[in-house]
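Engineer: In the numbering used here, the protein residues as written are 15 to 262.
If you scroll down you'll find the structure; I have some questions about it.
Right under this line is the structure:
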């Protein structure tokens, strides 16, 4: 309240200064004409009463407007109410500027969301088409077990992994999520990730140290599996020899 009072005084400092100056002028004029002290005192009291009443009433309205603005600032993303009724031409102009900026921002956001959705739809279709070709190449390469085919299968595995990551990153950066939180056995999720990357461990002759655990976690299975797979992917990629350990 004290801060608001000081702000109010600072905002109307010129009016207060003018009131004091006018009061001094009246006092000087009255003294020059040698009017009775009672008349001067009576006039000063009347001016003071009117000034104090006007000052306090203005401060009450000032507090109300400050609280309205504070509410709008705290709820700027969800508030649909209009701005407080403008008291001056400047306030009216500022409100009009803000409304125009709000409309421009809304149009820009809508355009961005539409373009983003178009990108997601495009890359979703692209990933499905690429995966079809990857599956066909994997079947061809698996028909004959040679060192060259194993290397090509490993590279195809990376390509498949990167195409899947495209959609995952699109989902992660979206405003909405497809999380499904349930209780899962952590061991089952880890085993799925290990099974997928087992050929990479075998290919690079890297030992995997993992003891099964009996732990239940509240999580989203799809996204936790994605995280574990990324950890295993980096572990295999940057481990030339030795072993990788998964511990809880």
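Where is the CB? At the ideal position from N, CA and C, for every residue including glycine.
All of these numbers come straight from a predicted model, not from anything done at the bench.
1) Between the Cα of residue 252 and those of 214, 56 and 108, spot the shortest distance and give me the residue it belongs to.
2) Looking only at C-alpha atoms, which of 21, 42 and 106 sits nearest to residue 351?
3) Between which residues of its own chain and residue 137 is the CB-CB distance below 8 Å, once the five residues before and five after are set aside?
4) Residue 238 to residue 196, Cα distance in whole Å?
5) Could you check where the alpha helix (DSSP H) with residue 217 kicks off and where it finishes?
6) Alpha carbon to alpha carbon, how far is residue 265 from residue 118?
7) Identify which residue in 200, 208 and 241 has its Cα closest to the Cα of residue 227.
8) Look up residue 229 in the DSSP assignment and say whether it is helix, strand or coil.
9) Using the DSSP secondary-structure output, state which residues sit across from residue 183 in a beta bridge.
10) Near residue 193, what residues of its chain come up, given a Cβ to Cβ distance below 8 Å and the 5 sequence neighbours on each side ignored?
11) Give the range of the alpha helix (DSSP H) segment to which residue 38 is assigned.
12) Which residues share a DSSP beta bridge with residue 195?
13) Am I right that residue 224 and residue 250 are in contact with their C-beta atoms under 8 Å? What's the rounded C-beta distance?
14) Which one of 162, 86 and 243 has the shortest CA to CA distance from residue 109?
15) Roughly how many angstroms lie between the CA atoms of residue 44 and residue 56, to the nearest whole one?
16) Whole angstroms are fine: how far does the CA of residue 230 sit from the CA of residue 178?
Structural biologist: Walking through what the data contain:
1) Within the chain shown, numbered from 1, the residue matching residue 252 stands at position 238. Closest by C-alpha distance to residue 252, out of 214, 56 and 108, is 214.
2) A query on residue 351 cannot be resolved here, the shown segment of the chain reaching from 15 to 262 and no further.
3) Residue mapping note: residue 137 aligns to position 123 of the chain shown, counting from 1. Only residues of its own chain outside the window of five on either side were considered, and among them 180, 181 and 184 have a CB closer than 8 Å to the CB of residue 137, listed in chain order.
4) Within the chain shown, the letter at position 224 stands for residue 238. Within the chain shown, the letter at position 182 stands for residue 196. Taking the straight line joining both Cα atoms gives about 12 Å.
5) Translated into positions along the chain shown, residue 217 becomes position 203. For residue 217, the uninterrupted alpha helix (DSSP H) run begins and ends at 200-218, by DSSP.
6) Nothing can be reported for residue 265, as the shown portion of the chain is limited to 15 through 262.
7) Numbered from its first residue, the chain shown carries residue 227 at position 213. Just measuring C-alpha positions, the residue of 200, 208 and 241 sitting nearest residue 227 is 200.
8) Taking the first residue of the chain shown as position 1, residue 229 is located at position 215. In this structure, DSSP gives residue 229 a state outside helix and strand, which the three-state scheme calls coil.
9) Counting from one through the chain shown, the residue named residue 183 turns up at place 169. According to DSSP, which records beta bridges pairwise, residue 183 is partnered with nothing at all.
10) Walking along the chain shown from the start, residue 193 turns up at place 179. Cβ-Cβ distances below 8 Å link residue 193 to 234 and 237 in the same chain, with the five nearest sequence neighbours on each side left out; the list follows chain order.
11) In the chain shown, the residue the question calls residue 38 occupies position 24. Residue 38 -> alpha helix (DSSP H) spans 27-46.
12) As a working mapping, residue 195 is identified with position 181 in the chain shown. DSSP output for residue 195 lists 234 as bridge partner(s).
13) The residue you call residue 224 lines up with position 210 of the chain shown. The residue you call residue 250 lines up with position 236 of the chain shown. Contact flag wrong, Cβ pair sits at about 14 Å.
14) What you label residue 109 is simply residue 95 of the chain shown in a count that begins at 1. Considering only 162, 86 and 243, the residue with the shortest C-alpha distance to residue 109 is 86.
15) Reading the chain shown from its first residue, position 30 is the one you call residue 44. Reading the chain shown from its first residue, position 42 is the one you call residue 56. Spanning the two alpha carbons is a distance of roughly 12 Å.
16) Stepping through the chain shown from its first residue, residue 178 is reached at position 164. Stepping through the chain shown from its first residue, residue 230 is reached at position 216. C-alpha separation (whole angstroms): 27 Å.
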